[in-house]
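Chemist: Just so we're aligned, residue 1 is where the sequence shown starts under full-length UniProt numbering, counting upward by one. The C-beta atom is built at its ideal place from N, Cα and C for all residues, glycine as well. Keep in mind that this is a model prediction, so the values were computed, not measured.
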Amino acid sequence: MDIRILIVEDDDTTRDCLVEYFRVEQHQVFAAQSAEEAELILSEQDVDLVLLDIRLPGKDGLTLTRELRAGSEVGIILVTGRQDDIERIIGLECGADDYVCKPFNPRELLARAKNLARRVRAVLPRGDTAPAANIRRFDDWRIDLDRRVLLDEHDRQTPLTHGEYQLLCAFLHHSGQTLSRDQLLDQIKNREWAPNDRTIDVLVGRLRRKLKDDPANPRIILTMHGAGYVFTPRPVPCH
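#1: Could you tell me the alpha carbon to alpha carbon distance between cysteine 101 and cysteine 238, rounded to whole angstroms?
#2: Give the straight-line distance between the Cα atoms of alanine 32 and threonine 223, rounded to the nearest whole angstrom.
#3: By DSSP's criteria, methionine 1 is part of a beta bridge. Which residues make up the other side?
#4: Kindly say whether threonine 14, judged by its beta-carbon, lies nearer than 9 Å to any beta-carbon of chain B.
#5: Nearest by alpha-carbon distance to aspartate 53: which of Thr80, Ala70, His154 is it?
#6: So leucine 68 and serine 34 are in contact, right, with Cβ under 8 Å, and what is the actual spacing, rounded?
#7: Can you name the start and end residues of the alpha helix (DSSP H) that arginine 69 belongs to?
#8: Return helix, strand or coil for aspartate 10, following the three-state DSSP convention.
#9: Under three-state DSSP, which class holds lysine 114?
#10: Are the stretch 167–187 and the stretch 216–236 touching, with three or more C-beta to C-beta distances below 8 Å?
#11: Looking only at its own chain, which residues have a Cβ that is under 6 Å from the Cβ of glutamate 192, when we skip the five neighbours before and after it?
#12: Name the DSSP beta bridge partners of phenylalanine 231, please?
#13: Roughly how many whole angstroms lie between the Cα atoms of glutamate 108 and asparagine 217?
#14: Between phenylalanine 138 and the rest of its own chain, which residues show a CB-CB distance below 6 Å, the 5 nearest in sequence each way excluded?
#15: Could you check whether valine 19 and alanine 38 sit closer than 9 Å to each other, using their CB atoms as the reference points?
#16: Could you tell me the boundaries of the beta strand (DSSP E) in which phenylalanine 171 lies?
#17: In this structure, does DSSP put leucine 184 in helix, strand or coil?
#18: For residue 267, write down the residues that DSSP places opposite it in a beta bridge.
#19: Give me the Cα-Cα distance between aspartate 48 and phenylalanine 30, rounded to the nearest whole angstrom.
#20: In the DSSP assignment, what are the bridge partners of residue 304?
#21: Look at the alpha carbon of leucine 150 and the alpha carbon of serine 43, and state the distance between them as a whole number of angstroms.
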């Protein structure tokens, strides 16, 4: 599978090595040394994912991640030189899909990029306007399980990231049951960083925002203090 990838890295040596590696592997690569240059490229090119250094000069990688996620479901892999759980959690809260620490193995990075690009294309299939049949309805929402998008009552689409999709599927399969954070963590498969309790809380928060479920008075995803979460709607197939 060929990937269209944008590498945003201010270190010339690291950027050039990554560009060369991905090109040798027959992928289409764009490169930028700042967030501003990356935004210009993204305004002109359609890419599957962005490999983004957190500590860029000027606008940093976390700010760019937040801005990209506000209007796009492009895949985002954050790169940092710090092995810091807090920074990883902030990256997740900003909307990143994956996270790698320097130094990293280029072959491992390529494998992660391919996996993420595959998930992104599943969420946003190009040129496919046929209606999907694998749809479940709950509350005022529908979820298209083939394309991994939420549909509201006016058919407006809200794409889900991989983690959000897996978490929502876990809730749909266990509707009405209290699920502990440990049980939910078991459902978050293929995540490249080690998830923890805070990961679940962040993903629940993001799902609530997309479902317009008021966190101060939720009715779709309820918090059971000391126990976990309960998904209250009962999903039904759409025919």
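Modeler: Judging by the given coordinates:
#1: 43 Å
#2: 42 Å
#3: Paired residue(s): none; methionine 1 is not in a bridge.
#4: In the structure shown, chain B does not exist; there is a single protein chain.
#5: Thr80
#6: Not confirmed; about 14 Å, so no contact.
#7: 61–71
#8: coil
#9: helix
#10: yes
#11: The predicted model places glutamate 192 with a pLDDT of 45, which falls under 50 and marks its position as unreliable; any figure quoted below should be read in that light. Asp98, Arg112.
#12: Ile221
#13: 42 Å
#14: Pro233, Pro235
#15: no
#16: It is not in any beta strand (DSSP E) - phenylalanine 171 instead sits in the alpha helix (DSSP H) that spans 162–173.
#17: helix
#18: Nothing can be reported for residue 267: it is not among the residues displayed for the chain, which extend from 1 to 239.
#19: 11 Å
#20: Coverage of the chain is limited to positions 1 through 239, which leaves residue 304 absent and any answer about it impossible.
#21: 25 Å
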